[in-house]
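Student: In my numbering, the protein residues as written are 4 to 368. Using N, Cα and C, we set each Cβ at its ideal position, and we do this for glycine too. The structure under discussion is supplied below as structure tokens; questions concerning it will follow.
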Amino acid sequence: MNHKPRIGVINGGGDCPGLNTVIDSLVKTLYPEYEVFGFYKGYEGLLEKNYFHLLPEYTNRFKFQGGTMLKSVNHGHFPGKIGGGELNLIDKSILAKTKENYDEMGLEAIVVLGGDGTMSVALQLQEMGLNMVGVPKSIDNDLYGTDYTFGFQTAVEIATEALDRLETTGYSHDRVMILELMGRNAGWISLNAGIAGGANMILIPEIPFTYDQLLKYIQARVEKGKHNALIVVAEGAISVGGEKILSDIGGQSSEQNLSGIGSNIARFLNSQNIDARSTILGHIQRGGSPNSFDRILSRQYGAFAGNMIKDKKYAQVVTYNCHDFTSMTLDECVSQLKLVDPESSIVKLARQMGISFGETGEIYF
4 MNHKPRIGVI NGGGDCPGLN TVIDSLVKTL YPEYEVFGFY KGYEGLLEKN YFHLLPEYTN
64 RFKFQGGTML KSVNHGHFPG KIGGGELNLI DKSILAKTKE NYDEMGLEAI VVLGGDGTMS
124 VALQLQEMGL NMVGVPKSID NDLYGTDYTF GFQTAVEIAT EALDRLETTG YSHDRVMILE
184 LMGRNAGWIS LNAGIAGGAN MILIPEIPFT YDQLLKYIQA RVEKGKHNAL IVVAEGAISV
244 GGEKILSDIG GQSSEQNLSG IGSNIARFLN SQNIDARSTI LGHIQRGGSP NSFDRILSRQ
304 YGAFAGNMIK DKKYAQVVTY NCHDFTSMTL DECVSQLKLV DPESSIVKLA RQMGISFGET
364 GEIYF
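Listed below in structure tokens is the structure:
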């Protein structure tokens, strides 16, 4: 008796809104011609053969829920990227065992939902002989080659609502309110949320700021009778000549987390007799259900990945550009991060709106 072709599904790295939507869309696209198996906790599930059969009646129940029905980890045997995004080679024995399990299960291919680290591992597994198809997942929107990763727009919406709330309390108390947002080495969430949420200053990793300019900007507002200000700062933002701020929270992760730049800025301003408070939005940005944009985007990503499986288009990552879906090679996808261009139209828009980036030589009107 011949089995139907078997496909595996893995999500790696941090959770984000839309994961379950992609999985459900993928399963429904492949059913009933294919058998689809979901692996628990990323690549660890494939290494340990910890999986279950995914059927439409099961995945449909989770389709718009936050988190992931497959669970996920961002530590373990498969750290695809380390530090500032440098490629990490997975132990050959781990890759070999993973390939052995893949062959024993009779899998034709694996669909991987993840960011640059997860895709880096997918590339190494592809080179070991596994057929891989990638779907770009990240609230950071830093995956190269695609306009939007799913989960990003929801994170921006959540951050925008937080800014709306901070603005009113800052105005009420003549206070500088600072919101620290996620994004690792990319400033996409902070830039978009800052513009949408009416921030006066946006500090991102791609545009180093100075504390001197920061202070001058706040003082210029005070001279105009504006005693409150709203500052958005990406967790990976740095001052000129400075370093990224890390915090060690313990736990299972071997790396320190980017965190604390907002508190540093608040301490500095308070030392200059400017009343300031810092809020870290943290994992609130990645929890909960996807918004309508991400629901539709995730649906499309999952269906397109399913069609790539049917066409045996492996070693590729789904891409979304200019409202159209195509694909690019895995190796091109992980070749670099997609960062904010300081000369891009959206940054120029922010400057025209009077938003400061804390740069040396800025003139405030």
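What number of angstroms, rounded off, separates the C-alpha of Q68 from the C-alpha of G173?
Tutor: So the two alpha carbons sit approximately 33 Å from each other.
Student: At what residue ranges does the stretch 35–97 contain a whole run of the alpha helix (DSSP H), taking only runs of 4 or more?
Tutor: Those alpha helix (DSSP H) runs which fall completely within the stretch 35–97 and span 4+ residues are 46–51 and 59–62.
Student: Mapping the DSSP letters down to three states, classify Y317 as helix, strand or coil.
Tutor: Correct three-state label for Y317: coil.
Student: Quick one: is R354 buried, meaning 16 or more other Cβ sit within 10 Å of its Cβ, or exposed?
Tutor: Exposed: under 16 other Cβ atoms inside 10 Å.
Student: Locate the alpha helix (DSSP H) running through R9, then write down its first and last residues.
Tutor: Note, R9: premise wrong, no alpha helix (DSSP H); beta strand (DSSP E) at R9 to N14.
Student: Specify the secondary structure class of V337 as computed by DSSP and reduced to three states.
Tutor: V337: coil per DSSP, three-state reduction.
Student: Among the residues of its own chain, which have a CB less than 7 Å from the CB of L233, if the five just before and after it don't count?
Tutor: Closer than 7 Å at Cβ, skipping near neighbours: L166, L169, E170, G173, M180, G201, A202 and N203.
Student: How many Å lie between N195 and G186 at the Cα?
Tutor: So the alpha carbons of these two residues sit roughly 12 Å apart.
Student: Could you name each continuous alpha helix (DSSP H) segment of 4 residues or more that falls completely within the stretch 117–190, going from the start of the chain to the end?
Tutor: Those alpha helix (DSSP H) runs which fall completely within the stretch 117–190 and span 4+ residues are 119–130 and 155–176.
Student: Does DSSP classify E209 as helix, strand or coil?
Tutor: The answer is coil: DSSP assigns E209 none of H, G, I, E or B.
Student: For M311, name the three-state secondary structure that DSSP assigns.
Tutor: Looking at M311 - three-state DSSP - the assignment turns out to be helix.
Student: How is E362 classed by DSSP in three states: helix, strand or coil?
Tutor: Coil at E362, not helix or strand.
Student: Looking only at DSSP bridge pairs, what is I113 linked to?
Tutor: Answer by DSSP bridge pairing, in chain order: G11 and M135.
Student: Taking D119 and L340 to be in contact with their CB atoms under 8 Å, please state how far apart those CB atoms are, rounded to whole angstroms.
Tutor: Rounded, the Cβ-Cβ distance is 6 Å, consistent with contact.
Student: Identify the continuous beta strand (DSSP E) that holds S347 and give its terminal residues.
Tutor: Looking at the DSSP string, S347 is not in any beta strand (DSSP E), and its letter there is neither H nor E.
Student: What first and last residue would you give for the alpha helix (DSSP H) that runs through L284?
Tutor: Where L284 is concerned, there is no enclosing alpha helix (DSSP H), given that its DSSP letter is neither H nor E.
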